[in-house]
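First up is the structure itself, then whatever we jot down about it.
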Amino acid sequence: MARRERAASVRRAFSAPGFEPASSATAPSSATAPSSVDARRRAAQQARAIADLPPVLDSLFDEVLESWLALQLPPSQATPEMLGRLGTLAYRYTSRVSLEADAVLLEVQGSVRLFGGLQALCAQLLERCRAAGLEPRWALAPTPLAALVLARAGRNIMVRARDRLMGELAPLPVESLAWSAETLARLDSLGVRTLGALLRLPRAGFAKRFGKEALLALDRLSGATAEPRRGFLPREHFHLRSEPTFELISQAAILQHVAPLLDQLEQFLRTRQCGVDLLKLRLAHRAGRFTRLDVRLAAADVSAERFATVLSEQLARLALPAAVIDCELRSGVLQPFIAHSDSLWRPAEHGGAIGRESPALIERLRARLGSEAVYGLCLVPQHRPEIAWRVAEPALDAPSPCTAEALYHVSTLRRPLWLLRQPAALPCAVSALHWIAGPERIETGWWDGQDVARDYYVVREPRGAELWVYRERLPPHTWWWHGVFG
Amino acid sequence: MGRTPSLSSDTAADDPLGSLLAHPALWRGRSLARTDTHSTGYPTLDEALPGGGWPANGLSEILSLHPGLGELRLLMPLLVRFGQQPSARWVAWIAPPFEPYAPALAGAGVPLERQLVVRTDEPLWALEQAIESGACATVLGWLKSRPGEALQRSLRRLQLAAQRQRTPVFLFREVAAAQCASPAELRLELHFRVGGARLQLLKSRGGRRGAFDIEWSVASGALHGTP
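Take a look at the structure:
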């Protein structure tokens, strides 16, 4: 009773106005807002995919607690790597995913409403499997073992009601249980060929002959006993290698070859709601030589399109020493990623804030010009002009760490808008300068070895530019040009 | 002047041309050329510029013989105002000739966290990226014209991008660039004058030209006395 109430309240919460389960399942998967034509085409596609699915065998009376979907790969595809990929893919639909030797099991009942129905969910998942190049056999049943057995038998059906499960299981051969050959031979000698016959055997006698384990398995098959399963944990680093079938010699070819890797990376990130700000690409050449490429993004992101843009800028700068025979992509540390909404207005139009544009700009500039070429400014509370500021990481939102002390200095002293990186020799003779203001003595820093002792003057040179110059207090009293009042 | 309708008969009698110009159905090029502008912060300059300020969508060129004639001081009020806008956007400095000095900027009231300095040998590319991104409130770029380099087509691209993104863009160029045509909305030549600057209006929408002087407000806390 309590469970039913809770389920009802959850259902109410999800059907609150403004929450559209069917669309919310597809909307976050695309970074840009889909046009209505696209959306309509996708809806039609989904409707077709649902129509291809068999009907759900439901019961009017039983409450459905669990629905397990088994995705079984043919022996040629059932490698641990492929199962891992399938598990990652399934993780997008539920957190209850577990791996078998040749199959992936996932409990989908909890996500049915979010994805707009069981059939819509299955259709979407199977479509994704197909897109990833996997053709699993599948089945849906109220218990994990039953789903697995049905999938192994190649019965692509959806059974939700426990009372209709028996009818579907009964005609299947006992071999679909994947028990040992010896057990199967003994069953065969008893004349038990189908699961229906097996389940009709008296329990006590069956336990005596085949052991308690076998009986437990039968109970799990029918749902009389619960089956706890070990959950599947997705990997926390992305690492994928791909060997092209021919040598890649142009940047465009590399980019084309890396694109599917980036797509997989995006899928990998989206299942975890994570983003990365560092990608490492290793291009292998013949004779064991490598070219390494680090792609840094200004902010963590998930979109393959974005990765490809930044990567193409960096590839364009790269001079390849030889043809590429192997590509390897690794992700940096995963970071929690919060998706932004796209705005109807253009950035900063109508007072809107800029969200993604600012990091995108910095990434683009840095990808081509190098990371040191793009920087922000920051104050340092120091008297010495050259260290009264420093280069800072550009951060639009964060107020610069500027102390009251530093602000006091800048508001009371006359400082030039331009500073020379290194003080230079005067552009003209001292006698030609017109004196405007000064001297301002700056004599400090004796404690850290970078001591300065200077008298600063504001002067005008013959051509009219206002300069900031200083004279060393120590002999030989050299004159230096340090700034320009722009 | 021009478009205020004064249809009383006596004016029409003694000044036929004036009355014709005053007709509400008659539009003159100068009044049509009204564009969105940002106030420069200098009343004399606002008065002299068409529309009353810097063009809000497009290129403005400031030509000077060399840096230090006050080209940045001209823009300071605008940068301060952009710094006060509630939606934070960058002020991009593309290929500046020296280091923008943070203490002086902070002293003038320009928020440092919104400044983005870009060092590059290809300022035109960086300018276009900065404008197109829409993440910049304004973009300042320093162009050095190399001999034999035709900038006009690149500048046109920038002008179109600036119009599309509605961004004021300021290009600082050498005086020699005045010889070449430019798609900029506004071209000013900056000359030295004691205590201020003399601005020569080379090109503006509406065809206004001429020279005028502006005075710098003396920076606070200026030191006095000469050696």
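Residue numbers (the working numbering), protein chains in the order written: chain V, -18 to 467; chain B, 849 to 1075.
Backbone N, C-alpha and C fix where the C-beta goes; we use that ideal spot for every residue, glycine too.
Owing to the predicted nature of the structure, the values given are computational and were not obtained by experimental measurement.
Which partner residues does residue 453/V have in the DSSP bridge list? 435/V
What three-state label does DSSP hand residue 930/B in the structure shown? helix
Opposite residue 175/V in the DSSP bridges: which residues? 154/V
Is the CB of residue 450/V under 9 Å away from at least one CB in chain B? no
Per-residue burial, residue 271/V [other beta carbons within 10 Å of its own, 16 or more giving buried]: exposed
Determine the contact status of residue 341/V and residue 287/V, defining contact as a CB-CB distance below 9 Å. yes
Does the beta carbon of residue 960/B fall short of 8 Å from some heavy atom of the ligand NAP? For the ligand NAP, the structure offers nothing, since it holds no ligand at all.
Pull up the CB-CB distance for residue 1004/B and residue 898/B, whole angstroms please, since I reckon it's below 8 Å. So it is not a contact: roughly 21 Å between Cβ atoms.
Does the region 1005 to 1022 of chain B come within contact of the region 861 to 870 of chain B, defined as at least 3 CB pairs closer than 8 Å? no
On the DSSP letters alone, give me the boundaries of the beta strand (DSSP E) that residue 946/B sits inside. Neither: residue 946/B is in no beta strand (DSSP E) and is coded neither H nor E.
Helix, strand or coil at residue -11/V [DSSP, three-state]: Note that residue -11/V scores 45 on pLDDT, short of 50, meaning its location in the model is unreliable and no value can be drawn from it.
Just how far apart, CA to CA, sit residue 409/V and residue 955/B? 29 Å
Give the secondary structure of residue 468/V by DSSP, where H, G and I count as helix, E and B as strand, and everything else as coil. Any answer about residue 468/V is impossible in this case: the structure gives chain V only from -18 up to 467.
Looking only at its chain, what residues have a beta carbon closer than 7 Å to the beta carbon of residue 296/V, apart from the 5 residues adjacent to it on each side? 232, 235, 236
Of all Cβ atoms in chain V, is any one closer than 9 Å to the Cβ of residue 891/B? no
Taking a contact to mean a Cβ-Cβ separation below 9 Å, would you say residue 48/V touches residue 90/V in this structure? In contact: residue 48/V and residue 90/V (Cβ atoms closer than 9 Å).
List the endpoints of the continuous beta strand (DSSP E) containing residue 986/B. 984 to 990
Can you pull the chain V neighbours of residue 1002/B, defined as C-beta to C-beta under 8 Å? Neighbours of residue 1002/B on chain V: none; closest Cβ ~16 Å, over 8 Å.
Give, in chain order, every residue of the region 65 to 85 of chain V whose Cβ lies closer than 8 Å to some Cβ of chain B. Cβ contacts with chain B: none found.
Among 62/V, 68/V, 139/V, 115/V, which one has its Cα closest to the Cα of residue 33/V? Looking only at 62/V, 68/V, 139/V, 115/V, the smallest Cα-Cα distance to residue 33/V is reached by 139/V.
Short of 8 Å Cβ to Cβ, which residues in the region 897 to 917 of chain B face chain V? 913, 914, 915, 916, 917
My understanding is that residue 45/V touches residue 123/V, with C-beta atoms under 8 Å, so please give their C-beta distance in whole angstroms. The beta-carbon distance between residue 45/V and residue 123/V, rounded to whole angstroms, is 7 Å. This is short enough to meet the 8 Å contact definition.
State whether the region 1023 to 1040 of chain B contacts the region 909 to 923 of chain B, with contact taken as three or more CB pairs (one from each stretch) at a distance under 8 Å. These segments touch.
Span of the alpha helix (DSSP H) around residue 288/V: 285 to 298
So with Cβ pairs under 9 Å, would you call residue 228/V a contact of chain B? No, because no Cβ of chain B sits closer than 9 Å to the Cβ of residue 228/V.
Amino acids of chain V, ordered along the chain, whose beta-carbon sits closer than 8 Å to that of residue 990/B: Those do not exist, as residue 990/B stays about 11 Å from chain V at its closest Cβ, beyond 8 Å.
Let me know if residue 1042/B comes out buried or exposed under the rule of 16 or more other beta-carbons within 10 Å of its beta-carbon. Residue 1042/B sits exposed, since fewer than 16 C-beta atoms from the chains shown fall within 10 Å of its C-beta.
Please check the pair residue 310/V and residue 221/V, which I expect to be a contact at CB under 8 Å, by giving their CB distance rounded to whole angstroms. 5 Å
Buried or exposed (CB count within 10 angstroms, at least 16 for buried), residue 314/V: Exposed, since its Cβ has fewer than 16 Cβ neighbours within 10 Å.
What do you reckon, are the CB atoms on residue 1044/B and residue 900/B nearer than 9 Å? No, they are not a contact pair.
I'd like the span of the alpha helix (DSSP H) that includes residue 64/V, first residue to last. Per DSSP, residue 64/V is one residue of the alpha helix (DSSP H) stretching across 61 to 71.
Going along chain V, which residues have a C-beta under 9 Å from residue 872/B? Result: empty, since nearest Cβ-Cβ is about 33 Å, beyond 9 Å.
Give me the DSSP bridge partner(s) of residue 1017/B. 907/B, 987/B
Count the other C-beta atoms from every protein chain shown that fall within 10 angstroms of the C-beta of residue 938/B, then say buried if there are 16 or more, exposed otherwise. Result: buried.
If we count the other Cβ atoms within 10 Å of its Cβ and call it buried at 16 or more, is residue 447/V buried or exposed? So residue 447/V counts as buried.
Using a C-beta cutoff of 9 Å, does residue 1028/B count as contacting chain V? no
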